[in-house]
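Notes follow the structure.
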Amino acid sequence: MKKLSKMLMALTFVGALLAGCGSNNAAPAPQQPAQQPAQQPATPAPEQNNSGSTTTTSGEPITAVGSTALQPLVEQTAKDFMAKNQGVQIQVQGGGSGTGLSQVASGAATIGNSDIFAEEKKGIPANELVDHRVAVVGMAAAVSPKVKVDNLTKQQLIDIFTGKITNWKDVGGDDMKITLVNRPKSSGTRATFSKFALDGKEEAEGITEDSSGTVRKIIAETPGAIGYLALSYFNDSVKALKLDGVEANAENIASNKYPVWAYEHMYTKGEPTGNAKAFLEFILSEEVQKKTITELGFLPITDMKVERDAEGKVTQK
Amino acid sequence: MDRIATVVLTLIAALIIGTLIGLLGFILTQGWHKLNLDFLTSPPDIVNAGGGIGPQLFNSFYLLVLTMLIALPLGIGAGIYMAEYAPDNKFTQFIRMSIEVLSSLPSIVVGLFGLLVFVNMTGWGYTLFSGALALTVFNLPLLVRVTEDALRNVPRSQKEASLALGITKWRTIVSVILPAALPGILTGAILASGRVFGEAAALLFTAGMSSPNLNFADFSLNSPTSPLNPFRPAETLAVHIWKVNSEGLTPDARDVADGAAAVLIIAVLLFNLSARWFGTWVYKKMTSGSN
Amino acid sequence: MNHRIEGVGTNRQSLIARKMLTYNKRQFTENMTGRTIAMVCAALLVIVVLSITYFIASKGLSTFFVDGVSISEFLTQVKWDPEGEPALYGVFPFILGSFLVTALAALIAAPLGIGAAIFMTEIFPGFGKKVLKPVIELLVGIPSVVYGYVGLTLLVPFIREQFDVLGFSLLAGGLVLALMILPTITSVATDAIEAVPQDLRNASLALGATRWQTIWNVVLHSSLPGCLTAVVLGMARAFGEALAVQMVIGNTTKLPGSLLDPISTLTSGITLNMGNTIQGTPYNNALWSMALLLLLMSFVFIMILRFLGRKRLVK
């Protein structure tokens, strides 16, 4: 009967775990693990502890779910925030902007990270959600460094992406076939690029990938490939193209001279309270905006000289 | 004809081994330079180079243990039912087919199902336990199938001899047939655990894509930073590779992904070897047979 | 209760007599407990299958009943444009892609896998056990993302250079998938072949058959159900694979004209778009319909293979 008793033990063990721990998840577990565990990162211990609003009320963990592009930013700031505020738990997950918006709208997550306005997606009760814009991300058309073209006019860009122009020699490059690298039809990145770089024109079929890392790799390795990437992902393997002679950099984006950019949103259902509020205020604070956000390749929201709403109307700040 | 067949088969084996060695060699050589104690134990860094995979490595193993704890008893139990108790009628065939269909579900569908049921509905949130349950769904078909096949393949003489001795049916199954079927079940279990190590899409929505800072000195089961708490989010190595490959912003993202892949392969190899060794030992103990 | 005891007459009277004479409470309880446990496990399994099916079906069917898309349009139209005006939901390219890439993978992996299984059990058992088997099991542990990445780094450029095409193709997908399902097929087939009793082989050899004739006519024949299971399991895995495949097939929604054209599969379509869509919207529901389709397709596939297997056996 050895096998049977082993099985029963295993099942009981699992059952006990379930019973013991399941209900505890919501209850306040004021564990204050002293920050000297076996392995810990060298979290940049903040020198100035001027955040007087350190709420040490440990309660339910804050969950921030959604865009994978925004995830590194939220994870890093969450780490910093938790280091400053013992006992607060922030869990950051991915799943895509759509998942994030659905989860926060249904109340399953505290914060929904999104690359797009909630209004842009049908099916989300945007009036129930409060938008917190925490950063700006610029986007540029990317090609392999082997492509000799540095600049494209808007019309050329539109013609390339709609499939009218199919060879680089038509825009001043070598005789090479143009290969389009797209995002999936539902992608917010694609929607933004389409809206502001292609004036709303529909993209032609191409190689479709969702993750920025894969797109970058494909562009770097496929001769003649062109796609679009957030500025934070550019490195030596790909080259950013200028649009109408305007380079995609922080200055041009801040003044909207370079129009291809989007907000990074963190939505809450209704106004945030307690730890969630403190966390959002922390992200919008000068300290995080100037340091973490720029380090990760985003643009601080505070630097923007213009504001843009869900329909795309631009107003001076 | 015999000669030709032998040559062809040997060529096939050589081709497979060659491809495997090439593949493994490629992964290991790409990632070898990253392997040091620091990489294996420190947590990942999001902004700068130099992050490690410590928590993720632990999570992969712990998730494996949890999944097996749930899936093995269930799978073996269902396999026993299918092999010994189920009447041979259309309904049983239907059950068999539905089980096989389960294993062909796209991982993302199981992940989203897990999100809805094991994460949201139960209120647990993103946890190891939700991930283990989602992975159980995947692996049950394989385990049930190999258990059933292995049980059926045990020579009838063994079963009849045992029954003739007056041993009850259940005890026969547990003490005689099951041990004899152990090698087959072990194969299934190893295949299943390989799948657990390598699965990413289903875990994105259940166990999560991040891990809290783990305090390895904390052994309680309740604390959110205790590594043993099954009710915390837990990014595994495979998920981490995916994450770094898709949205990694550190300058060494490529290296981290390669290193992690190499570590994963080595971990799987070590695990497979030790599982096989352990299984053979148990088999010898329980049946006094040698295969 | 139907205790069929081999060797003893199953005549109803003798059964009843036996039960009455040999009733032993402890044994009875033990048997009942055991049987109940086994039944509970199986029942749980069925519940899981039913609930997932219900879940997928309820979401997938709402495309047709709530959003008003017609089933024939869904299955046969070639244009997929859920964000356009008007929204088009033709998934035929995806169906074709899934089907083709799975068939290709099985075509490549089945002979290789079964061949390797034969090699391991009949030709070089020692070497096979010690080396080939652990190595194959190792393959299973490689995450799909790594397969995809290796495919992207090595296979796609190779195809691109050899054939002067894009590189992202049906062929790349088939090869990657074949590699991924090879371990499953090989391991399960090995166990099936090993289970063939040695007596059968001996008898065949005693009759003067060569080793290969023995293998082909005796061993393979008796282990056919097991080998078929192996292939079915492999194909099932290939059907449901998403992450690795989506990195090498290109994901275009045009119908492929050859092995070297890029394709889309149902799984890649779902994986690429699911996270970006909102639960409850027509786009999201359409994706669930694709998942439902996957479920149904695999059902059909498995039924066909089982039917074939049974036919062969009777012969």
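Protein chains in written order, with our numbering: chain A, 74 to 390; chain B, 235 to 525; chain C, 51 to 365.
Ideal placement from N, C-alpha and C gives every residue a C-beta, glycine not left out.
*Touching by the beta-carbon criterion (3+ pairs, under 8 Å), the stretch 286–302 of chain C and the stretch 281–288 of chain A*: Touching, yes.
_Closest Cα partner of residue 316 of chain A within the set A:291, A:184, A:179 and A:326_ = Looking only at A:291, A:184, A:179 and A:326, the smallest Cα-Cα distance to residue 316 of chain A is reached by A:326.
*Measuring CB to CB, does residue 369 of chain A end up less than 8 Å from residue 305 of chain A?*
Yes.
_Cα-Cα separation, residue 376 of chain B to residue 342 of chain A_ = Residue 376 of chain B and residue 342 of chain A: Cα-Cα distance of roughly 42 Å.
*For chain E, find out if any of its Cβ atoms is closer than 8 Å to the Cβ of residue 403 of chain B; answer yes or no.*
Protein chains in the displayed structure are A, B and C, and chain E is not among them.
_Am I right that residue 169 of chain C and residue 243 of chain B are in contact with their C-beta atoms under 8 Å? What's the rounded C-beta distance?_
Approximately 5 Å separates the beta-carbon atoms of residue 169 of chain C and residue 243 of chain B; this is inside 8 Å, confirming the contact.
_Candidates B:497, B:506 and B:295, of which the one nearest residue 265 of chain B by Cα_ = It is B:497 whose Cα lies nearest to the Cα of residue 265 of chain B.
*Using the Cα positions of residue 147 of chain A and residue 325 of chain C, report the straight-line distance between them to the nearest angstrom.*
Each residue's alpha carbon lies about 18 Å from the other.
*Touching or not, the stretch 474–493 of chain B and the stretch 403–413 of chain B, by the rule of three or more beta carbon pairs under 8 Å?*
The answer is no - the stretch 403–413 of chain B does not touch the stretch 474–493 of chain B, with fewer than three Cβ pairs under 8 Å.
*If you draw a straight line from the C-alpha of residue 222 of chain C to the C-alpha of residue 155 of chain C, how long is it?*
Cα-Cα distance, rounded: 10 Å.
*Do residue 423 of chain B and residue 269 of chain B have their CB atoms nearer than 8 Å?*
Cβ distance not < 8 Å, so residue 423 of chain B and residue 269 of chain B don't count as in contact.
*Decide if the stretch 370–385 of chain A is in contact with the stretch 239–255 of chain B; the criterion is three or more beta carbon pairs, one per stretch, under 8 Å apart.*
Short answer: they don't touch.
*Of all the options C:248, C:81, C:97 and C:250, which has the alpha carbon lying nearest to the alpha carbon of residue 333 of chain B?*
Taking residue 333 of chain B as reference, the option from C:248, C:81, C:97 and C:250 with the minimal CA-CA separation is C:97.
*Identify the continuous alpha helix (DSSP H) that holds residue 346 of chain B and give its terminal residues.*
For residue 346 of chain B, the uninterrupted alpha helix (DSSP H) segment begins and ends at 341–348.
_Contacts that residue 237 of chain C makes with chain B (C-beta to C-beta distance below 7 Å)_ = Simply 421 and 425.
*Could you give the residue range of the beta strand (DSSP E) that holds residue 338 of chain A?*
Membership of residue 338 of chain A in the beta strand (DSSP E) is indicated by the continuous run 334–342.
*asked:* Contact defined as beta carbons within less than 8 Å: I believe residue 385 of chain B pairs with residue 318 of chain B. What is the distance between those atoms, to the nearest angstrom?
replied: Right, the Cβ-Cβ distance comes to about 7 Å (below 8 Å), so this counts as a contact.
*Residue-level contact to chain B via CB, residue 234 of chain C, 8 Å cutoff*: Output row for residue 234 of chain C: interface = yes.
*Interface residues of chain A around residue 279 of chain C at Cβ under 9 Å?*
Proximity of chain A to residue 279 of chain C at the Cβ level (cut-off 9 Å) is not reached, the minimal Cβ distance being about 25 Å.
*Closest by CA to residue 148 of chain C, which one among C:348, C:281 and C:183?*
The shortest Cα separation from residue 148 of chain C among C:348, C:281 and C:183 belongs to C:348.
_Contacts that residue 333 of chain B makes with chain C (C-beta to C-beta distance below 8 Å)_ = The answer, in chain order, is 95 and 99.
*asked:* For a cutoff of 8 Å on Cβ pairs, would you count residue 373 of chain A as touching chain B?
replied: Taking CB atoms only, residue 373 of chain A has no neighbour in chain B less than 8 Å away.
*May I ask you to verify whether the stretch 245–263 of chain A touches the stretch 119–134 of chain C, counting CB pairs closer than 8 Å and requiring at least 3?*
At 8 Å Cβ cutoff, the stretches touch.
*From this set, C:65, C:220 and C:276, which residue's C-alpha is nearest residue 307 of chain C's C-alpha?*
Of all alpha-carbon atoms in C:65, C:220 and C:276, the one lying nearest the alpha-carbon of residue 307 of chain C is that of C:220.
*asked:* Please report the distance separating the alpha-carbon of residue 300 of chain A from that of residue 165 of chain C.
replied: C-alpha separation (whole angstroms): 44 Å.
*Within chain C, partners of residue 195 of chain A - CB distance below 9 Å*: Taking a Cβ-Cβ threshold of 9 Å, the residues of chain C close to residue 195 of chain A are 328, 331, 332 and 333, in chain order.
_Bridge-paired residues (DSSP) for residue 139 of chain C_ = Paired residue(s): C:130.
*Output the boundary residues of the beta strand (DSSP E) element that contains residue 267 of chain B.*
Residue 267 of chain B -> no beta strand (DSSP E), and no H or E assigned at all.
*Residues of its chain near residue 105 of chain A, where Cβ-Cβ distance is below 7 Å and the 5 sequence neighbours each way are ignored*: With a pLDDT of 33 at residue 105 of chain A, under the threshold of 50, the modelled position of this residue cannot be trusted; read the value that follows with caution. Correct list, in chain order: 159 and 160.
*Could you tell me which chain C residues have their CB closer than 7 Å to the CB of residue 170 of chain A, listed as they occur along the chain?*
Here the neighbours are 326.
*Pick helix, strand or coil for residue 360 of chain B, following the three-state DSSP scheme.*
Three-state result, residue 360 of chain B: coil.
*Specify, as a first and last residue, the run of the alpha helix (DSSP H) that residue 21 of chain C falls within.*
Since the first residue of chain C shown is 51 and the last is 365, residue 21 of chain C is not available in this structure.
_Run through the DSSP bridge pairs and tell me what residue 205 of chain A is partnered with._
DSSP, once it has assigned bridges, lists A:339 as partnering residue 205 of chain A.
*Give the residues from the stretch 284–295 of chain A that approach chain B closer than 7 Å (Cβ to any Cβ), ordered along the chain.*
Residues are counted here when their Cβ sits less than 7 Å from a Cβ of chain B; for the stretch 284–295 of chain A these are 284, 285, 286 and 287, given in chain order.
*Cross-strand partners of residue 380 of chain A (DSSP beta bridge)*: Answer is A:388, bridged to residue 380 of chain A.
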